[in-house]
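Line by line, the protein sequences give chains A and B.
Start counting the first sequence at 7; every next residue gets the next number (the working numbering).
Start counting the second sequence at 24; every next residue gets the next number (the working numbering).
Idealized CB from N, CA, C, for every residue including glycine.
For clarity, every value in this text was computed on a predicted model and none was experimentally measured.
Encoded as structure tokens, the structure appears first; notes follow it.
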Amino acid sequence: MSERSGSESMERTEGAPARTVATAFEQAKAEGRAALVGYLPAGFPSFEGAVTAAKTMVEAGCDVIEIGLPYTDPLMDGPTIQDAVHQALTGGIRVADVFRTVEAVAATGVRTLVMTYWNPVDRYGVDAFARDLSSAGGCGLITPDLTPEEAEPWLAASDAYDLDRVFLVALSSTDERLAKITALCRGFVYAASLMGVTGARSAVDTGAAHLVERTRKAMTQPSSLPVGLGLGVSNGEQAAEVAGFADGVIVGSAFIRRLLDAPSLDAGLDAVRRLTAELAAGVRR
Amino acid sequence: MTIDAARSLPDLTGHFGPFGGRFAPEALMAALDELTTSYETAMADPAFRAELDHLLATYAGRPSLLTEAKRFGAEAGGARILLKREDLNHTGSHKINNVLGQALLTRRMGKTRIIAETGAGQHGVATATAAALLGLECVVYMGEVDTVRQALNVARMRMLGAEVVPVTTGSRTLKDACNEAFRDWVATVDDTHYCIGSVMGPHPFPMMVRDFQRIIGVEAREQVLELTGRPPDAVVACVGGGSNAIGAFHAFVPDEGVRLYGFEAGGSGVESGKHAATLVGGSLGVIHGMRTYLLQDEDGQTLETHSVSAGLDYPGVGPEHSWLHDSGRATYEAVTDAEAMDAFALLCRTEGIIPAIESAHALAGALRVGRELGPDATIVVCLSGRGDKDMHTAAEWFGLVEGEGPAGA
């Protein structure tokens, strides 16, 4: 973060913003609030449906969009995201479609990341994936099953294409690991609020605030990265609570649930719009 | 078990050359580190080793027999076929070797709950058994498809006090059971150990499971030397995830003259696309926490596998097998459903031993290797499990049910 906001950004074309998701967090911070990060898998409920839903989320107040790359074996995801991803894969979504989704969403000006399990990137070729993500206007990757130990090819590729790399920290992470992980993160740090898979929960884990605090302490850079908190957040009340101690509030399954339960895409989009507004109000409380 | 020999690979970060490693959620990293440390301390503790050895001898029934299969050997080019009888272990397969080790480790780590994935149900039954023995809570994840074709094992696990959870996501087989077990573990890691049943998963599992299974080859090597005065010409095993094969191979890896053969599930034939022959028909990637060969499409999506054997119906393979494959030390070939079922019937009729359908893939491979090496060859075949659980499948395949014709022939 410090190196990007420093000398590197000076080399960019004048007036062109550095394409890092950190700027979205900075803007929210300048407004005295947390950023709202919304997740949706590409291809769900359809290619166009996902693009429209993501644009709806942006219009209604999401500051950052995470596009999920549908994968056959999402072992960090609960039943809601599993259902959505299954639907996307059954609908024939391909990796190339994920890049097209990113392109369409990023064109709105919103900072857009891809969240993906590692094998599809490995298979595509790490460098080629970084290149095509960058061409599509994506800011970088969130990698739930890639930790720094195995990340060398991705560290190189993300440097080559100037992409954000968001690793996760967990309640079980030692201080030593927090330091190691955050030193390699760029854009923001994704703090998993609970020990478990994705999915809505009725309450935010009491350890979450402590994890955010520990993560901040672990960062030694002059200007430390924002810390976003995800897993389990599903309503305005929880968003407000999380915004009280984190720089970003990440919501995924709750959006998908709205689309899964709606009788039509239009009804689903309405529900997504209402939820986004509720969450956006939450992070502003 | 000589630890030094077992430790040359993997390296400290769990890599067998380019394979293995740890592709796991951050939430599990602390538990994987804890497991690695606990495992290493335990194996260096004579009391732990003594308790494990005692259980293997007085509970599992080790050492397992080495049975000469003369009438079967006559069909295998006249080669001398020696069956390593893991089917005679308590619970009916090699799985108990690993599970006793991991269950003792679970207790040593102060954890009270043990979870497992299972395909054919052999690992699930072994885990449920060890949990009952040590008073641990036990949950077994099993693909819904497998709960039907291995219904007898579901009943066994439930009788032993385990909760069996049918998994209804994805292809509803072994890989989906693994996914579900990982999801459980991420949420319960404080009091729960995930007892992985094969030489797969993130480090230290491939190493640890191999170390617990290598007793198969250690015993077999001694038994063959005693019987024939020299090492065998070949060691043959079936490979799904690959734990019985690594167990059988490992002690023989330094014996350069001993050929190692792994037989994968060829399903309807590798060329048909309906198979589970990962090393024969797969490509490099990452699955279930490890870098290894797997069956995937061009987008890196896991392909559905097909095999008459639920225990081999898995799209990945242990990373040490990928290493043995690429280094050329072991040879991997595919055996079709039909070949395996023919060998299944042949062992029944020539030796009076009903093998597991998984093990029947090794037997079919032994027929091939024996015909190639000829009557002077001595071949050790790992008979990894017994076939009682497969009677339903076999009865359908061979048309043994009154009023029904054969389905497979």
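Closest residue to residue i among the options (Cα-Cα distance)
i, options, result
"tyrosine 196 of chain A", "A:Lys186, A:Val218 and A:Val203", "A:Val218"
"cysteine 405 of chain B", "B:Asp34, B:Leu88, B:Ala67 and B:Met52", "B:Leu88"
"aspartate 34 of chain B", "B:His311, B:His226 and B:Asp411", "B:His226"
"leucine 119 of chain A", "A:Gly131, A:Met82 and A:Phe194", "A:Phe194"
"valine 116 of chain A", "A:Ala36, A:Val101, A:Ala142 and A:Ala94", "A:Ala142"
"glycine 40 of chain B", "B:Trp346, B:Met66, B:Phe421 and B:Ile380", "B:Trp346"
"alanine 206 of chain A", "A:Asn241, A:Val70, A:Ala163 and A:Val172", "A:Asn241"
"serine 266 of chain B", "B:Ala300, B:Asp199 and B:Leu335", "B:Leu335"
"proline 232 of chain A", "A:Phe105, A:Val172 and A:Met63", "A:Val172"
"threonine 62 of chain A", "A:Ser179, A:Ala94 and A:Gly274", "A:Gly274"
"glycine 250 of chain A", "A:Val108, A:Ala215, A:Val278 and A:Thr282", "A:Ala215"
"glycine 292 of chain B", "B:Glu362, B:Leu128, B:Leu369 and B:Gly144", "B:Glu362"
"aspartate 138 of chain A", "A:Ala28, A:Arg106 and A:Ser230", "A:Arg106"
"leucine 46 of chain A", "A:Leu81, A:Ala90 and A:Tyr123", "A:Ala90"
"lysine 118 of chain B", "B:Lys134, B:Glu91, B:Leu105 and B:Ala143", "B:Ala143"
"glycine 375 of chain B", "B:Thr90, B:Thr64 and B:Met182", "B:Thr90"
"proline 85 of chain A", "B:Leu75, B:Arg45 and B:Glu203", "B:Glu203"
"leucine 250 of chain B", "B:Asp278, B:Leu175 and B:Arg103", "B:Arg103"
"alanine 260 of chain B", "B:Gly252, B:Ala271, B:Arg253 and B:Pro254", "B:Ala271"
Reduced DSSP secondary structure (H/G/I, E/B, other) of residue i
i, result
"alanine 94 of chain A", "helix"
"valine 309 of chain B", "strand"
"tyrosine 284 of chain B", "strand"
"threonine 149 of chain A", "coil"
"lysine 107 of chain B", "strand"
"glutamate 242 of chain B", "helix"
"arginine 171 of chain A", "strand"
"methionine 223 of chain B", "coil"
"histidine 329 of chain B", "coil"
"threonine 118 of chain A", "strand"
"glycine 422 of chain B", "coil"
"glutamine 319 of chain B", "strand"
"threonine 19 of chain A", "Bear in mind that a pLDDT of 41 at threonine 19 of chain A, under 50, signals an unreliable position, so the model cannot answer this."
"threonine 150 of chain B", "helix"
"phenylalanine 42 of chain B", "strand"
Residue i versus residue j: straight-line alpha-carbon distance, rounded
i, j, result
"alanine 178 of chain B", "glycine 220 of chain B", "19 Å"
"threonine 192 of chain B", "alanine 418 of chain B", "28 Å"
"alanine 246 of chain A", "glutamate 37 of chain A", "15 Å"
"cysteine 201 of chain B", "glycine 98 of chain A", "24 Å"
"glycine 410 of chain B", "threonine 150 of chain B", "18 Å"
"leucine 352 of chain B", "leucine 283 of chain B", "One point to set straight first is that residue 352 of chain B is arginine, not leucine, in the sequence displayed. For arginine 352 of chain B and leucine 283 of chain B, the distance between alpha carbons rounds to 7 Å."
"isoleucine 87 of chain A", "alanine 198 of chain A", "16 Å"
"threonine 215 of chain B", "glutamate 140 of chain B", "14 Å"
"alanine 210 of chain B", "glycine 238 of chain A", "13 Å"
"methionine 414 of chain B", "glycine 84 of chain B", "24 Å"
"valine 289 of chain A", "proline 338 of chain B", "44 Å"
"phenylalanine 228 of chain B", "threonine 301 of chain B", "19 Å"
"leucine 307 of chain B", "tyrosine 316 of chain B", "4 Å"
"lysine 35 of chain A", "alanine 50 of chain B", "28 Å"
"arginine 222 of chain A", "proline 154 of chain A", "18 Å"
"alanine 257 of chain B", "arginine 100 of chain A", "44 Å"
"aspartate 68 of chain B", "leucine 123 of chain B", "16 Å"
Buried or exposed (CB count within 10 angstroms, at least 16 for buried), residue i
i, result
"methionine 180 of chain B", "buried"
"histidine 77 of chain B", "exposed"
"leucine 248 of chain B", "exposed"
"serine 382 of chain B", "buried"
"leucine 152 of chain A", "buried"
"threonine 19 of chain A", "Its pLDDT being 41, under 50, threonine 19 of chain A is placed unreliably in this model, and the coordinates cannot settle the point."
"glutamine 33 of chain A", "exposed"
"glycine 158 of chain B", "exposed"
"valine 190 of chain B", "buried"
"glycine 55 of chain A", "buried"
"alanine 134 of chain A", "exposed"
"methionine 231 of chain B", "buried"
"leucine 423 of chain B", "exposed"
"serine 8 of chain A", "Residue placement at serine 8 of chain A cannot be trusted, given a pLDDT of 40 that sits under 50; the coordinates are not used to answer."
"lysine 107 of chain B", "buried"
Would you say the segment 277–287 of chain B touches the segment 350–359 of chain B, given that touching needs at least three Cβ pairs under 8 Å?
yes
Quick check: the segment 161–177 of chain B against the segment 396–404 of chain B, are there 3 or more CB pairs under 8 Å?
no
Any chance the segment 246–259 of chain A sits against the segment 75–82 of chain A, with 3 or more Cβ pairs inside 8 Å?
no
I'd like to know if the segment 375–390 of chain B and the segment 234–245 of chain B are in contact, where contact means that at least 3 CB-CB pairs between them fall below 8 Å.
no
Pairs of beta-carbons, one from the segment 160–175 of chain A and one from the segment 51–62 of chain B, closer than 8 Å: are there three or more?
no
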